[in-house]
Every structure is written in structure tokens, then in C-alpha cells.
């Protein structure tokens, strides 16, 4: 059977395309390398969620090679099998959207025009997007409604223009710490607002509302409240009768016909047999690193450097969302019993963010610069992860015996730790990119992705500025032992770029509709298209853009 | 500093050990794997070795590892100890797990045998008091070869303390109760525990 559309991947970049096109009665095939796990099969088991590789490949079989810049100026390559730091983020139907924490901030108008708004930054490959915020705004609204976003719009100086008054789902219930932060922000004259979340606060179709399980990020949702591509979009796509999901399908090559068109997606099935799917249009949405890898692996006589890579742009300008983290403690011996009971309430969200410094106009910088977002969050409930964090003393020595037990008991029963996460623009540079590793292969013998994770010092300067603001707010709110850390270390679960879109084929892989400049029936709809990432997590924008591209694909198929 | 020399410089002398062991040899007060002689000395006695449960460890390896884990998480009146949460059995299941990194698992047993080898040159670790055993494990943890090893063992002990009791650890939720930890819901069903979950159709 020849499908109208074949989609490689099933996460946030794939779901909107599958949903829109199958509901428009086009025949869609989704190829997902992992298994298809249903909502009622997830549990809050720390072992399967975070302690072992269950929803991600075994690193012995499939790894990445990560190349890091060293203090002495050299670059050092180590595989993730060596380091144990995983760059897979959820290889099941629905992809990593099953396991996201779902902080859903929109980009802002200046994020689409970073270069023309703030100017060049030496050493960074900053460019404007080929579309404006106005082009994407209707699709943000669509995501809020169809995929499901909860929150409350509160005016602040960097609130982006909206076509709707408020979010379609009311805010989730909050821990008392949110009110402490509100009061502290008011005293400091800082703006904070309720964080929008891709978690629904009341039922929608077959999806139940959030039940405040206290185990959200890194865990599959057991009620369907989390707005994963699987529950929010793919289930409806399959129910239309026009969408076929093939799980355990690891795509390793896209075949072209020599006339500028992809004809087949070739994949290994669950038994490692080679299979293929034919379609009129192909979409790659395998998450940024793997998308670039697949295009590079698909080289042939017509495309000797890989698909859509005649100008050597595939894999370039990879970006990660991040910037720093901070923490502070609420010590129970400083509270009355009622306050302790309130602060210990499990499952309730902090859901506060600040974009007060989304643009920084401060004398410590020569001119106004792009700032970012601070999200204030609870420490994850994962017990083992928390306990492991207590293994070492401040001097790095191991806590053993009675000392370890005393620290564990204190940490779990006498305090609560709260955190903040800083998001700045991870400036695209020549030092952050994806290539094919010349030596290391996966279990099928295909080259793995070799990922350079360099960063720009400007990211750290902005990160430190915002982290100080986060610290000030925590201290004013009464938290103790407040600290923060800003580094060039990447968050592997928040990746974009590598196939940036643009008007110039020499400097971009995709056109403004995320169609390959070189191959007429090939689209990329995950975060790979983003030339810059904004100062927020990417998932909301990936969803919105994939809905936008789906409309262009409908026009393409109709023509 | 030569790490081996550094490690060997800390342990008690054979004579000192003999004195402590002799002191501990009379008037034991037995309490859940612990024995006390009425002084502040505490001695730990592991459960009997069971080849079926404790493979791939040898009897000797088991006797050392059980005591080392008790040093890391002793049964000292402040919460459960390593034996109560079945830490050594948990590590055995990790060592048997073919999905685990074989290098990591080899490291556990190789360095356990290095520890055993070093102990045999000093004193009978197995019969030493908890205090002395703690000094020896701390000394090992301060070496280059021992630091990661003890850290890895600690991680696995903490897993045994806080994983779902369905994994035959955290007996009667003793770890959760001690740390007032509230597990998430739903809890895993038997068929969806690791590694059984890989036998289900969809994984």
C-alpha cells in the first residue's frame, strides 16, 4: 500500500501532522522505533521510569558520541555508553512528549527577529526566522485548545499578543509556596505569573483530568491529562481510520528516485528484518539529533552528502534549551505545624514563572539584550534520585553509615527543596552540531550520531544574571540554603536545530514551510527547523509549528 | 600517593583486631542481625548464604558484601539497615541482569575481590566490629579505586531502600515509612515490573 504521508517519529512534531492529515482523510503511516504503550499501562514505578532503560534503548546497543570542549581548549569525545548520560528521551509512541514536564510558554515576537532586534553576537550564528509571530499565533491557540494547555493569562510586560483571552483549561491546583513567591515578588517588584502547562485540569474526550499524582516529568501519565502527542493527537488520528502506526520500526534510510523525491522509508522491524513504506510525502520528526542523523545516513549517488545537504547545512546549528538551575530549602523547624502540612502537600504544582527579564536592559550589559524565563518548580518526588543526591558531603567525600542515614532522614522529613530553572537562548554556533561518527555504530551497524555540544559564553552571562534574580526571589520568600548553578552543560531532552528553516537554500535546509529546499516531498516537523530557540522549552512551539506545516501539506497534497 | 598504600595505612593492626574480636566474642546481644557485647561495640551477622538467591556471588564474596552493605546502611536504630531492605539480594539481581552494563557489574565484583584481598593482608574484616568495619570501608572509599565502587554500592543500597517492595526490597515499605515517602499511584503490577516488562507484547 502506498500512503499519502509517511511520518518518521511520533512525538510533538509528528502528532499534529498525523492528526490533521488523517482527519482530512489522507492515508497516514507513522513509523515509531519504540513500542506502543497505552495510558493504563503506565505506573509510577521509579525503577522502570528512571532507574533502568525501559522506555529508551539500551546504551550498549544504541548510543551517541558526545564531543565536549575541555578547559585546555581541546575537544574530547565519549560515548554515552561510557558516561551513562543518556541522549535518548523516550522511544515509544508519542515520543518524549509522554515524559515531558510540559511547561508551555509561547515564543514572543522578538524571538522571531533575534538578529534584527538585538544585533549580531560575535561567534554566534544568529538569524531571523523566515516567519513572524503572527504566522504562528493561530497555531499556538490551536495547540492550547486541541492538545490542551491549562493556565491563566496574567498581564506582564513581556506577555505575547494573543487571539484568545485566556487558556481553555483553568490553572492546575497550586502548592502554598506559590503564594509565598507571589508575596515575595510583590515586595521586590518582580513580575511572576502562573506557568501554562500542557496538562489538562478537566477532562477532555477520553482523557481524564490531572489527578496530582506527584510523579509527572519522566513518567508516563496514567490519566491522559498530560498533553502527549499519543493521547492528544495520535489516538484520534488512529480512530479516524486513516492513520496506521507501526511501532518497533527503526527507520535507517530514506530512498530517493534520482529526480528529487523520496520514494521509500526503509526500517528495521521488531525482529530486525528490513521493511519499507512508500508514500507521496515524507515527514521526518525523530527529534533534532536523530533527524539530522537520518538525513545524513540517507546519502546516495544523487545526494552524496545526505538528503537535503548539498550545502552542508544538515546537522549544523544544533541548540539546546537551558541556562541554569537553582534551589532553596523550606526548613520545617522554622514553620508552625499547619504551614508544614501545607508545604508538604504532595502533587500540587508551584506553577510560577517570571519573564520580567525576557529582555534585559541593565547597566551591566552595554545595550539591551535578550534575557529569558525562570520557572519555579518543586523538586521531583523521585525518592531514589533524592536519596542519591545525599550520598556525598560538600567536600565530595561519601557519606557512609550513620551519617548517611541522618542526612537521608533530615532531607526527607525535615525540609522541602524547591527549584528554579533558567531558560536563555542557547545561541547557535559552529561548535554545536551533529555529524555521523566515523567509528561507532549501533547494533544494526549504522553510524551513530556524533554530537558536538559547545556553547557560547554569552549564554552563561545571561544565565547567571537570571539565576541571581531567581535566588533573590527565593530568599525573599524565606527559603534557606539558596544556591544556583550555571554551566554549558546541555539538557539532552530539550534539543532543536540542525535543519534550520530559511529563505536562502545556501544557509538553510528547509524553506519557511519546513519543506526541504532540495527534495520536493520531504518535510521536517520536529524542533530541527528552529534557527534560534527562544528562551523557553521548545515543545509548545514544535506542536504549533507542526500544525502550521500540516496546513501547508494539505495544500501540497491537494495540488 | 599510591592508592593501595594509602588504603592499607588506615586499617587497624591484626593485634588490635584480635583484641576487638575477642571482646566481641562474649555475651552477644542479638538484635536483627546485630550483636552487641554490652559495650558500644556492635557486630553484624549476615543471613545464611543461599546459592540460589545469592548467585553469582561466592560464599566468601557474599559474606564480605553483606557486611560492607551493612556499613553503608547500618541497622542502628535510625531506620532500616541494608539487610532489612534486602540490599545484597538486590545487588545479586543486578549482577544477574543481562541488560545491565556488564562492565559496571564486573566493577562491582572485581573491586569487591580487591577489597577482600586487601583485608586478608590486614585482619579478618568479617569478624570485626561495625565500628572497625566502617573505618575500613571509609578508608576504601577514600582511594581512587574504591571511591566509585563504594558510591555505586551506595546507589544500589538506596535503590533497595526506596524501590517498590514488589521488587523484594524495601520490606514492608520500611524505607518509605522511615522517610515518610509517599509513593505514586498507580503502583506497578507484577507483569510490568523490570525486567518482566520486556516480556510483555508491547515492549
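Residue numbers (our numbering), protein chains in the order written: chain A, 1 to 559; chain R, 560 to 762. Cβ atoms here follow ideal geometry from the backbone N, Cα and C, with glycine treated the same way. If you're wondering where the values come from, they're calculated on a predicted model, not measured in any experiment.
The alpha-carbon separation between residue 34/A and residue 92/A amounts to approximately 4 Å. Taking a Cβ-Cβ threshold of 8 Å, none of the residues of chain R is close to residue 318/A; the smallest such distance is about 27 Å. Residue 740/R reaches chain A at 383 and 412, counting residues in chain order whose Cβ is nearer than 7 Å. Secondary structure within the stretch 318–375 of chain A: the alpha helix (DSSP H) runs of 4 or more consecutive residues, fully enclosed, are 337–343 (chain order). For residue 542/A, there is no enclosing beta strand (DSSP E); the residue is found in the alpha helix (DSSP H) stretching over 539–558. In this structure, the straight-line span from the alpha carbon of residue 380/A to that of residue 263/A is close to 45 Å. For residue 17/A, the uninterrupted alpha helix (DSSP H) run begins and ends at 15–23, by DSSP.
Nearest to residue 442/A by C-alpha distance, out of 433/A, 22/A, 221/A and 293/A, is 293/A. Going by DSSP, residue 76/A is part of no alpha helix (DSSP H) but of the beta strand (DSSP E) stretching over 75–79. With respect to chain R, the C-beta atom of residue 214/A has a partner C-beta closer than 8 Å. Straight through space, the alpha carbons of residue 427/A and residue 504/A are spaced by roughly 20 Å.
Residues of chain A with a Cβ closer than 7 Å to the Cβ of residue 700/R are, in chain order, 398 and 400.
Bounds of the alpha helix (DSSP H) holding residue 292/A are 288–297. Residues of the stretch 38–50 of chain A that bring their beta carbon within less than 7 Å of a beta carbon in chain R comprise 41, 43, 44, 45, 46, 47 and 48, in sequence order. DSSP, read as helix, strand or coil, puts residue 12/A in coil. Only exposed fits residue 134/A, as fewer than 16 other CB atoms lie within 10 angstroms of its CB. Among the residues facing chain R, residue 222/A is included, as its CB has a counterpart in that chain under 8 Å away. The beta carbon of residue 178/A lies closer than 7 Å to those of 350, 351 and 352 in the same chain, with the five residues before and after it left out. The continuous stretches of alpha helix (DSSP H) do not include residue 495/A, which lies in the beta strand (DSSP E) extending over residues 495–498. Distance from the Cα of residue 40/A is smallest, within the candidate group 758/R, 604/R and 748/R, for 748/R.
Put simply, the stretch 77–91 of chain A does not touch the stretch 410–425 of chain A. Fewer than three CB pairs are less than 8 Å apart. Closer than 7 Å at the C-beta level to chain A, one finds these residues of the stretch 657–672 of chain R: 658 and 660.
Annotated as distal: residue 30/A and residue 4/A, with beta-carbon spacing of 8 Å or more. Distance between residue 614/R and residue 630/R, taken at the CA atoms: about 21 Å. Put simply, of 323/A, 384/A and 313/A the residue whose alpha carbon is nearest the alpha carbon of residue 498/A is 313/A. Residue 405/A counts as buried, since at least 16 other C-beta atoms from the protein chains shown sit within 10 angstroms of its C-beta.
Checking the DSSP bridge columns, you'll see residue 435/A partnered with 450/A.
Separation of the CB atoms of residue 331/A and residue 480/A is rounded to 6 Å, and the pair is thereby assigned contact status at 8 Å. Here the C-alpha atom of residue 547/A lies approximately 12 Å from the C-alpha atom of residue 524/A. Secondary structure of residue 417/A (DSSP, three-state): strand. For the 8 Å CB-CB criterion, residue 161/A and residue 144/A do not form a contact. For residue 409/A, the chain R residues whose Cβ falls inside 8 Å of its Cβ are 637, 638, 737 and 738, in order along the chain. Rounded to whole angstroms, the gap between the alpha carbons of residue 512/A and residue 98/A is 28 Å. With respect to residue 665/R, residue 704/R sits apart: the two C-beta atoms are not nearer than 8 Å. Residues of the stretch 54–74 of chain A with a C-beta less than 8 Å from any C-beta of chain R: 54, 58, 59 and 60, listed in chain order. Proximity of chain A to residue 633/R at the Cβ level (cut-off 8 Å) is accounted for by 401, 402 and 405, in chain order.
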